[in-house]
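Structure, as structure tokens:
In UniProt numbering, the protein residues as written are 1 to 753.
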């Protein structure tokens with residue numbers, strides 16, 4: 001925790017970012033906190049940043065924990081009284097109770113023998129002794145000990161959970177499995193409850209697809225000889241799981257195998273949809289019966305801070321997508337992209353999306369850019385950073401306002417209230433008697449600091465350029481009254497010519513784009529809000545700033561990289577959107593803005609070929625595809641909210657580009673996973689049903705022979721980047737500078753953006 005009278009230097013926690021990039025751009029951006037509050041009000045102000053709220057993931061391997069988990073599985077197998085030959089390969093992961101899973105897995109393997117050419121992944125145990133013929137000579141094959149079925153089952157169970165739930169280290173999955181007695185779906189319910197995923201959609205297409213992939217990953221990790229066949233078998237069983245409700249007595253176990261074989265034979269060669277309603281209901285019953293055992297004895301479950309932080313960041317990221325959709329295309333792409341990325345925080349007295357819009361407009365009015373330019377693609381780095389800054393602003397606001405709150409409790413409160421500050425702070429719009437404000441640690445429901453002090457903490461923690469000015473804007477009575485009126489305008493119905501009563505139903509309900517009239521009115525209203533920096537900032541010399549030549553070259557390289565990506569991705573999106581419009585000729589879409597890019601998909605493949613520079617100019621490794629999110633407006637319904645699209649584009653021609661609309665869902669409800677995008681911070685929203693690279697080869701990359709991606713390494717790789725609040729390379733596009741002709745320093749600095 002940082003006291004406000006100390007410099008707000010929440011320095012990087014590791015060297016994952018280029019230190020030279022940070023140091024150069026930090027000094028050149030000119031974003032000094034010129035009105036940082038004095039220490040006179042620091043007795044109640046608390047600010048928090050990434051160093052204060054680290055993830056606390058458990059990423060380790062302890063032999064004692066592994067042995068304890070294996071012992072749990074050994075007990076499960078000890079309850080079986082059936083011919084061992086009948087149990088091969090019977091692992092304890094599946095849709096029902098672990099013992100029954102073993103029996104059903106055995107039935108699937110016996111009744112569904114597929115040709116070897118069709119088998120995906122797996123490997124089925126170690127080599128056995130044998131004789132090989134080599135150039136006419138006999139030699140004995142090396143004997144390799146077959147893997148233990150208990151250890152293989154544990155590997156499969158861990159793979160199931162870590163595939164189903166993002167940012168779950170292997171060690172934490174092992175802890176949940178021990179608490180749930182190796183029951184995969186009971187362990188899943190423990191994770192859902194622990195993470196506060198109150199809106200998890202148990203029966204959605206997203207969850208069904210995720211469980212199917214998780215089962216396949218489990219089979220690959222356990223070296224099952226036919227993972228795809230195992231998944232197909234469980235899909236056939238899934239609609240009758242109630243018939244396997246409880247663990248069978250020893251003398252009835254063989255009947256479970258026969259009953260499962262009968263179901264499988266009845267479905268023949270069909271490939272039904274995986275049904276999970278019965279599976280989750282049975283798991284809830286098992287959890288309820290075991291709750292006294294699970295919760296009654298002291299058990300240390302993994303901390304939920306890391307997952308909770310990521311769900312909040314994803315929620316806030318969704319607010320920015322909505323806010324971009326509400327601003328007209330021309331104004332967003334020419335004027336407001338900068339002010340949204342540097343001052344459009346989601347905290348304030350209104351709902352989060354409205355807060356972003358009013359903070360964006362206010363920032364542009366009071367801290368105008370020295371240069372303006374048109375974009376079609378907003379920086380992915382900067383968009384994620386403003387979400388992280390907003391999160392720490394919100395946490396600092398609540399912890400300052402309520403002294404009894406810790407950052408973890410503040411994040412829990414934000415998660416429950418949908419990251420809405422008005423709901424998270426029920427006293428936000430009240431004006432309590434100052435004598436009732438406590439000046440020491442108090443109950444969570446009693447404010448211990450004023451709203452003004454809380455906004456000061458928020459603006460400081462969020463690294464606002466002028467925290468006191470923003471505090472004045474958000475907390476002064478004059479501003480609050482105007483902002484309440486602004487809120488009515490932002491939620492007013494949009495008049496559309498030709499519709500009944502002149503009102504578009506979808507625009508009214510979902511928040512369509514602001515009309516030019518309403519946007520002009522908002523600007524006028526915000527001009528009347530108090531500002532301590534408007535005149536002083538406008539009087540500053542906004543001319544191009546001279547910098548050393550080496551610094552200018554550094555900024556130019558970083559800026560050039562962004563504009564290179566801008567050109568590549570814009571071309572891809574236009575090709576993909578043209579192909580999509582050919583399928584909906586009566587209602588074509590036009591690009592609003594590109595809002596998320598990952599060019600590192602389908603790789604890395606080491607290559608020194610001549611074309612590599614065209615694919616990825618900054619790396620010798622080749623990645624074959626790009627994943628993109630963009631907003632597009634339907635020409636036939638311009639007052640409807642823009643539609644969010646996902647695009648997957650190959651890097652060798654327009655024929656490999658395609659896009660599809662996606663429906664964002666709340667992060668607590670679950671998410672569609674992509675191994676490539678998660679490795680870059682998970683900033684792209686993917687379709688729930690359609691196939692794409694990074695989803696279909698999850699088991700091959702995560703649990704197969706390729707070591708480029710592993711679960712724990714993926715979490716560690718993004719641990720710093722996920723809530724980065726400092727300088728990034730794309731800041732360079734907003735730096736207005738020129739090389740100093742009088743600079744004689746020829747000592748070139750070698751650094752790469």
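In this text, a Cβ means the ideal position worked out from N, Cα and C, and glycines have one as well. Small disclaimer: the values here were computed from a predicted structure and weren't measured.
TODO: Grab the span of the alpha helix (DSSP H) containing residue 424 for me, first residue to last.
DONE: 421 to 424
TODO: Could you spell out the range, first to last residue, of the alpha helix (DSSP H) harbouring residue 580?
DONE: 549 to 581
Open item on the list: Between residue 357 and residue 490, how many whole angstroms is the CB-CB distance? I'm expecting something under 8 Å.
Closed with: 7 Å
- [ ] Return the first residue and the last residue of the beta strand (DSSP E) that residue 822 is part of.
- [x] Here the chain comprises residues numbered 1 to 753, so residue 822 is not present and cannot be evaluated.
- [ ] State yes or no: is the C-beta of residue 547 within less than 8 Å of the C-beta of residue 209?
- [x] no
Task: N-terminal and C-terminal residue of the beta strand (DSSP E) that residue 627 is part of - done: 625 to 634
- [ ] Tell me, please, which residues DSSP counts as bridged to residue 207.
- [x] Answer by DSSP bridge pairing: none, since residue 207 is not bridged.
TODO: Could you say which of 717, 683, 487, 678 lies nearest to residue 698 if we only look at CA atoms?
DONE: 678
TODO: Evaluate residue 563 with the Cβ neighbour count: other Cβ atoms within 10 Å of its Cβ, from every protein chain shown; 16 or more gives buried, anything less gives exposed.
DONE: exposed
Open item on the list: Quick check on this structure: which residue in 71, 648, 335, 253 has the alpha carbon closest to the alpha carbon of residue 762?
Closed with: Since the first residue of the chain shown is 1 and the last is 753, residue 762 is not available in this structure.
Task: residue 401 classed as buried or exposed, judged by whether at least 16 other C-beta atoms fall within 10 angstroms - done: buried
Task: Euclidean distance between Cα positions of residue 455 and residue 391 - done: 13 Å
Task: Through-space distance from residue 417 to residue 315, alpha-carbon basis - done: 11 Å
Task: Segments assigned alpha helix (DSSP H), at least 4 residues, entirely inside the stretch 707 to 743 - done: 711 to 718
- [ ] Check residue 646 in the structure and name its three-state DSSP category.
- [x] strand
Open item on the list: Along the chain, where does the beta strand (DSSP E) containing residue 598 start, and where does it finish?
Closed with: 589 to 601
- [ ] Pick helix, strand or coil for residue 824, following the three-state DSSP scheme.
- [x] With the chain running from 1 to 753 in the structure shown, residue 824 is simply not present.
TODO: Pick out whichever of 172, 665, 649 has its Cα sitting closest to the Cα of residue 659.
DONE: 649
Open item on the list: Distance check for residue 556 and residue 740, CA to CA, integer angstroms please.
Closed with: 14 Å
Task: Helix, strand or coil at residue 621 [DSSP, three-state] - done: strand
Task: residue 310 beta carbon less than 8 Å from that of residue 408 - done: no
TODO: Please say whether residue 350 and residue 487 have beta carbons closer to each other than 8 Å?
DONE: yes
Task: Cut-off 6 Å between Cβ atoms - residues of its own chain near residue 287, not counting five sequence neighbours on either side - done: 186, 189
Open item on the list: Does residue 584 pass the burial test, meaning 16 or more other C-beta atoms within 10 Å, or should it be called exposed?
Closed with: exposed
Open item on the list: Please list the terminal residues of the continuous alpha helix (DSSP H) segment that includes residue 99.
Closed with: 98 to 111
- [ ] Within 10 angstroms of the Cβ of residue 663, are there 16 or more other Cβ atoms? Answer buried if so, exposed if not.
- [x] exposed
- [ ] Have a look at residue 736 and residue 552 and give me their C-alpha separation to the nearest angstrom.
- [x] 10 Å
Task: Own chain residues within Cβ distance below 8 Å of residue 523, not counting five before or after - done: 361, 365
Open item on the list: Let me check understanding here. Comparing Cα to Cα, which of 479, 245, 233, 274 lies closest to residue 262?
Closed with: 233
Open item on the list: Using only the alpha-carbon positions, how far apart do residue 712 and residue 172 sit?
Closed with: 10 Å
Task: Range covered by the alpha helix (DSSP H) that runs through residue 354 - done: 352 to 366
- [ ] Would you check if the distance between the CB atom of residue 636 and the CB atom of residue 201 is smaller than 8 Å?
- [x] no
- [ ] Apply the 10 Å Cβ neighbour rule to residue 680 and answer buried if 16 or more other Cβ atoms are within range, or exposed otherwise.
- [x] buried
Open item on the list: Measuring straight from C-alpha to C-alpha, what distance separates residue 154 and residue 414?
Closed with: 35 Å
Open item on the list: Since residue 337 and residue 387 should fall inside the 8 Å C-beta cutoff, what is the C-beta to C-beta distance between them, to a whole number of angstroms?
Closed with: That belief does not hold up - the Cβ atoms of residue 337 and residue 387 are roughly 15 Å apart, past 8 Å.
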